[in-house]
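Here's the structure we're looking at; comments come further down.
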Amino acid sequence: MERYDHQKIEAKWAKIWEKNKTWKVDLAKAKKPYYNLMMFPYPSAEGLHVGNVYAFVGSDIHGRFARMQGNDVFEPMGFDSFGIHSENFAIKQGTHPKEQTTKNITHFTKQLKQLGSLFDWEHSVTTSEPEYYKWTQWLFLQLYKAGLAHKKEAPVEWCPSCKTVLANEQVIEGKCERCSTEVIQKELEQWFFKITKYADRLLKNLEWIDWSEKTKIAQRNWIGRSEGTTIKFKVVDSKYEVEVFTTRVDTLYGATFIVLAPEHPIVDSLKNVKEVQEYVERAKQKTELERKAEGKEKTGIFSGLYAINPLSEEKIPVWIADYALIGYGTGALFGDAHDERDVEFARKYSIPLKPTIITGDKEKDEKILKLKECFIGYGTLVNSGSFTGLSSKEAIIKVREWLIKKGRGGGKVTYHLRDWLISRQRYWGPPIPIIYCVKCGTIPVPEKDLPVLLPDVEDFRPTGTGKSPLASVTSFVETTCPECKGPAKRETDVSDTFLDSAWYFFRYPSVEFEDEPFDKIRTKKWLPVDMYIGGHEHAVLHLLYTRFVTMALKDMGHIEFEEPFLKFRAHGLITKEGTKMSKSKGNVVNPDEYFKTHGADTIRTYLMFIGPLAEGGDWSDKGIVGISRFFNRLWNFQENFKAPKQESNELEVARNQTIKKVTEDLEGLRYNTAIAALMEYSNGFLKNPPTKEQFNTLLILLSPFAPHLTEELWGKLGNKGSVHEQPWPTYDAKALEEKIVRLVVQVNGRVRDILEVSPGIKEKEAVALALKQEKIKKWFPTGKPKNIVFVKGKLLNLVSY
RNA sequence: GCCGGGGUGGUGGAAUGGUAUACACAGGGGACUUAAAAUCCCUGCUCGCAAGGGCGUGAGAGUUCGAGUCUCUCCCCCGGCACCA
């Protein structure tokens, strides 16, 4: 008897599949295109992480399932090789990123091929290759031409360690997404994409795209739409007006002060006031975390200005404080007694407060009016002139109407979402294709001149001067103006990695087209993506950017759809002993070892068995042996296989039930229970030897999980062709019905007996039969239950009260 | 603070309002074996020789013939966002 030698079998099939290009899809001729996408990895030097394996296998199983259901599945893989992550590693190692990346990709590719996935290696992309980033630059130019890319000076987040600016989405709790260093605010001129222009559409489409609910919620919160009112306050003895934003205009009558963000334009006119200047400088230099740490202790300074409350006509002071944020609303707010932050600020600087909202609860209202309690809910207006007596909700409408009529304000919608800052003062990225000419100004690089090649330089380290290392490469910087042919300089920043990954799936099906980023016909056939599986950590990064880019491409007429992924499912996290794997904790599971000791099929199946794909789970070295045993058992079954003289009906029912269960579970990505069902079915082989057909069903259903093993066993059982070319089995609804069922008999809701009966047994018969049983009879001295609940073929509950 | 997701054996986890703990892992017991490995069988706790009871899904209440599942109150854990006016 031969033993199950996973190394031999997996190597054998990997070779055959690669040679025959088994997973190649004819992208031009495919009849039922199905684009199965997974988030491509950045090729780290450590190689494939078990988290990558989890995601890719989860996605591959879906692809294989779709393939067996008759789809032409396109499942590409590539490398997100540009960016700070790759570059930082190269800096640490002292190698050039280009060299390091090439090395890493070679290693990754080798590992990925071991997984036994459907990857079409002829349609791969590497974002750091000029053939790819040429089109990333092209994309920048399209956005520029559409007026969606612009350079502006703005307060931005700066990572002192990565020495570059960051997008808002890349600042996590005041720290750099990549290196966890506290970011600081700087005022710099940078390139932005106007993603905010799409805020409403990004929000609206969430209603219909089929995505994991939690990812949609995260995007909704991030976009953070809020409707409110703007109010223009006249500044006393000045030509200025201050426009403030509020969602609670019902409290306007009680506005007793105004707060401006330190970056507010009016503050600039006060620069001659020494104290103001000092405060503003100090505020700007604080890191975000410092601002937050001080959050409990608000700071501010009186500007010396007064404004007129248009409703109460009172003269109120204008303050400057960093709890007002320049990027939100109008960068200015009014303070009143119904906002905890305002109350705190007013108390600290002894600014008077006037409560204007009460609840109707006498005791509570007394506290509110005496400023012993800060009420922030909706209520009824008091001390509000002609608006007194209105409810908050009515007042919000009425006061706004009044302001509009008087020309003192209007409705406004504001968002938490900010424009996408895409400049990076780094080396390892696509140079932003812009030229600055003294005479002609800002000129985009003509498309025919793309790519703007990233020059090879020796010192690629970030400078920290606010300029990219490219700025010191004279041969790169000095150029001629495409318009006037006079001397000009290139933009020296590179673009954000997230721009590379915002469109990679457009390129996959069109890699052979050298003159365009994505072929029209190809794209129409394959996009949008049918299923996208990836990490939820990209909810407000990649997954938001890519939706914006797709919408913009549609508006520019390049494509006909505006949502890139019809279906997106977030997978969970694989932990070790309950904690996130990380190098510093030394608890990283290296898949290489397990490829050797257990094989790809076992790793694949084990990872999927740990828990539902959406939830992830905990890796355990002990747990994996369960799958090894399962596969050994199957192998030995085959070795000893002998068709029985008579087919077992019990096993045939189980076969149909298993097909149903596994099919439904695969549709819902509940791989863990699908595997359990397959184990259960195969355990039945011990009791009832399977026919070849029954064994084959198991192999077909298991093949997405264990492609090598099932292929081998398929052949060994004497079947022709490949298990992977078999159609997905269907079940016979009639065959699901068992001839004898176990009827649970309860007394007062507690199980007292189980009867084996025919599934069609009638209530009357069942009751009679049950009452004959000693176990049941003794509960009914009178012989008659007071109430009977009967669930056909399943349960009988006899009630004695 | 706000928004999500959870809390079930020693562990990972199963359960359209209908046998709680499927499927595995570990531990314990048994079978096979000269022995070990491998394999197969039993194994929630508790009372009982057994038959048969009782207790068990974070806590408490409720609805129901019947609740892990539905409703309310509370506690705890994980993830995200957060001075957003």
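Every number in our numbering is 442 more than the matching position in the first sequence, counting from 1.
Note that the Cβ used here is the ideal one computed from N, Cα and C, for glycine as well.
Just the Cα atoms here: how many angstroms apart are residue i and residue j?
{"i": "N663", "j": "S1242", "result": "54 angstroms"}
{"i": "R783", "j": "F776", "result": "11 angstroms"}
{"i": "A703", "j": "D891", "result": "44 angstroms"}
{"i": "K1027", "j": "F1072", "result": "32 angstroms"}
{"i": "A508", "j": "V613", "result": "38 angstroms"}
{"i": "L1120", "j": "G1160", "result": "21 angstroms"}
{"i": "T1152", "j": "D502", "result": "16 angstroms"}
{"i": "D935", "j": "E631", "result": "11 angstroms"}
{"i": "E611", "j": "Q449", "result": "44 angstroms"}
{"i": "E1205", "j": "I1230", "result": "9 angstroms"}
{"i": "G977", "j": "A1177", "result": "40 angstroms"}
{"i": "P1146", "j": "M510", "result": "9 angstroms"}
{"i": "T579", "j": "F787", "result": "In the sequence as displayed, the identity of residue 579 is Gln instead of Thr. Their Cα atoms are separated by approximately 48 angstroms."}
{"i": "K674", "j": "G1014", "result": "48 angstroms"}
{"i": "E920", "j": "K931", "result": "5 angstroms"}
{"i": "F947", "j": "F902", "result": "29 angstroms"}
{"i": "P924", "j": "Y575", "result": "21 angstroms"}
Going by DSSP, name the residue or residues bridged to residue i.
{"i": "C601", "result": "T606"}
{"i": "N1239", "result": "Q1188 and V1231"}
{"i": "P873", "result": "V936"}
{"i": "W862", "result": "F635"}
{"i": "W455", "result": "Answer is none; W455 lacks a bridge partner."}
{"i": "G742", "result": "A763"}
{"i": "I673", "result": "V686 and G851"}
{"i": "W1061", "result": "K1018"}
{"i": "A1148", "result": "The partner list for A1148 (beta bridge, DSSP) is empty, contrary to what the question assumes."}
{"i": "P1201", "result": "In DSSP, P1201 forms no bridge with anything."}
{"i": "T922", "result": "P929"}
{"i": "T988", "result": "None; T988 has no bridge partner."}
{"i": "C618", "result": "V613"}
{"i": "L895", "result": "Answer is none; L895 lacks a bridge partner."}
Please report the Cβ distance between residue i and residue j, rounded to the nearest whole angstrom; I am assuming they are in contact, meaning their Cβ atoms lie under 8 angstroms.
{"i": "A588", "j": "M998", "result": "5 angstroms"}
{"i": "T672", "j": "K854", "result": "5 angstroms"}
{"i": "G500", "j": "M1050", "result": "7 angstroms"}
{"i": "V607", "j": "C618", "result": "Not really, about 11 angstroms apart at Cβ, beyond 8 angstroms."}
{"i": "L1143", "j": "V1104", "result": "5 angstroms"}
{"i": "R1097", "j": "T1139", "result": "5 angstroms"}
{"i": "G670", "j": "T856", "result": "7 angstroms"}
Does DSSP put residue i in a helix, in a strand, or in coil?
{"i": "W945", "result": "coil"}
{"i": "T1021", "result": "strand"}
{"i": "E564", "result": "helix"}
{"i": "G512", "result": "coil"}
{"i": "H1040", "result": "coil"}
{"i": "G1068", "result": "helix"}
{"i": "Q627", "result": "strand"}
{"i": "T856", "result": "strand"}
{"i": "I810", "result": "helix"}
{"i": "M1121", "result": "helix"}
{"i": "K884", "result": "Strictly speaking, residue 884 in this sequence is Thr, with Lys absent from that position. Residue state, collapsed to three classes: strand."}
{"i": "H592", "result": "strand"}
{"i": "N663", "result": "helix"}
{"i": "W465", "result": "coil"}
{"i": "H1013", "result": "strand"}
{"i": "I1196", "result": "strand"}
{"i": "F1137", "result": "helix"}
Taking one C-beta from the region 708-723 and one from the region 641-652 each time, how about it: are there three or more such pairs within less than 8 angstroms?
no
Can you confirm whether the region 1081-1091 touches the region 995-1005 when touching is taken to mean that 3 or more C-beta pairs between the two stretches lie within less than 8 angstroms?
no
At least 3 beta-carbon pairs within less than 8 angstroms: the region 764-774 vs the region 788-803:
no
So does the region 974-993 actually touch the region 652-667, counting three or more Cβ pairs closer than 8 angstroms?
yes
How about the region 546-553 and the region 484-491: do they share at least three Cβ pairs that are nearer than 8 angstroms?
yes
With a cut-off of 8 angstroms, do at least 3 Cβ pairs link the region 893-909 to the region 552-569?
no
If we count Cβ pairs, one from each stretch, closer than 8 angstroms, do we get three or more for the region 684-702 versus the region 742-758?
yes
Do the region 1178-1186 and the region 510-529 touch if we need at least three Cβ pairs shorter than 8 angstroms?
no
For the region 906-913 against the region 868-885, are there 3 or more C-beta pairs whose distance is under 8 angstroms?
yes
Between the region 445-465 and the region 526-533, are three or more C-beta pairs nearer than 8 angstroms?
no
At least 3 beta-carbon pairs within less than 8 angstroms: the region 924-943 vs the region 868-888:
yes
Can we say the region 1017-1025 touches the region 464-484, given the rule of at least three CB pairs closer than 8 angstroms?
no
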